[in-house]
Amino acid sequence: MVLEPVSSPSPRRESQVNVNVSPSVQPDTPEIRKYKKRFNSEVLCAALWGVNLLIGTENGLMLLDRSGQGKVYHLISRRRFQQMEVLEGQNILVTISGKKSRVRVYHLSWLKSKIIRTDQQIEKKNGWINVGELDGAVHFKIGKF
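This note's numbering puts the first residue of the sequence shown at 1, with every later residue one more than the last.
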């Protein structure tokens, strides 16, 4: 009995895996930190704001300070944050948030005033605006032109 290899009609391609065994650390690579913060609700979204991390949960918006003491700041409470994106050049945070899942834009300077607490007058003003009368938003995408 003689065994001969059988050729398949469609030959398989070999896949290549590239593994970087000596990764180089970029100067803008964020530092990894461990926080001892227990979240009372599920984390739904997050976005970097400079080196700091904004966290959107079922119950509000928080900032994890990665530049200093490693504190957690509660910026907005009793509001559900589903999606967010920081646009530092425009000084805004775009979100889908609230019970009605509205697209809402927050001014980063207003959020910063809530952290630093320098001007109580700014903090009392509305630092946000709803985008139109859109209810039930599921997803948004920021386009760059």
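Yeah, the Cβ is synthetic: ideal placement off N, Cα and C, and Gly gets one too.
State the DSSP-derived secondary structure class of residue i, mapped to helix, strand or coil.
i	result
Leu134	coil
Gly60	strand
Ile116	helix
Which partner residues of residue i appear in the DSSP bridge assignment?
i	result
Val103	Ile96
Ser77	Gly60
Ile142	According to DSSP, Ile142 bridges with nothing at all.
By alpha-carbon positions, which one of the options ends up nearest to residue i?
i	options	result
Lys160	Asn52, Glu85, Gly70, Cys45	Outside the shown range of the chain (1 to 145) lies residue 160, about which nothing can therefore be said.
Gly136	Met62, Glu58, Gln82	Gln82
His149	Asn40, Val43, Trp49	Given a span of 1 to 145 for the chain in the structure shown, any question on residue 149 remains unanswerable.
Gly60	His139, Ile129, Gln69, Thr95	Thr95
Ile92	Lys144, Trp110, Lys125	Trp110
Asn126	Leu87, Gln90, Leu75	Leu75
Gly68	Lys144, Ile115, Phe145, Glu88	Ile115
For residue i, I'd like the list of residues in its chain whose CB is within less than 8 Å of its CB, leaving aside the five on either flank, ordered along the chain.
i	result
Leu148	What the structure shows of the chain is the stretch from 1 to 145, and residue 148 is not part of that stretch, so it cannot be assessed.
Glu58	Ser41, Glu42, Leu44, Arg80
Val103	Val94, Thr95, Ile96, Asn130, Val131, Gly132, Leu134, Ala137, Phe140
Taking the beta carbon of residue i as the centre, do at least 16 other beta carbons fall within 10 Å, making it buried, or is it exposed?
i	result
Gly56	buried
Gly132	exposed
Ser97	buried
Ser77	exposed
So, for residue i: in the same chain, excluding its five sequence neighbours on each side, which residues have a beta-carbon less than 6 Å away from its beta-carbon?
i	result
Ser101	Gly136, Ala137
Trp128	Arg104, Tyr106
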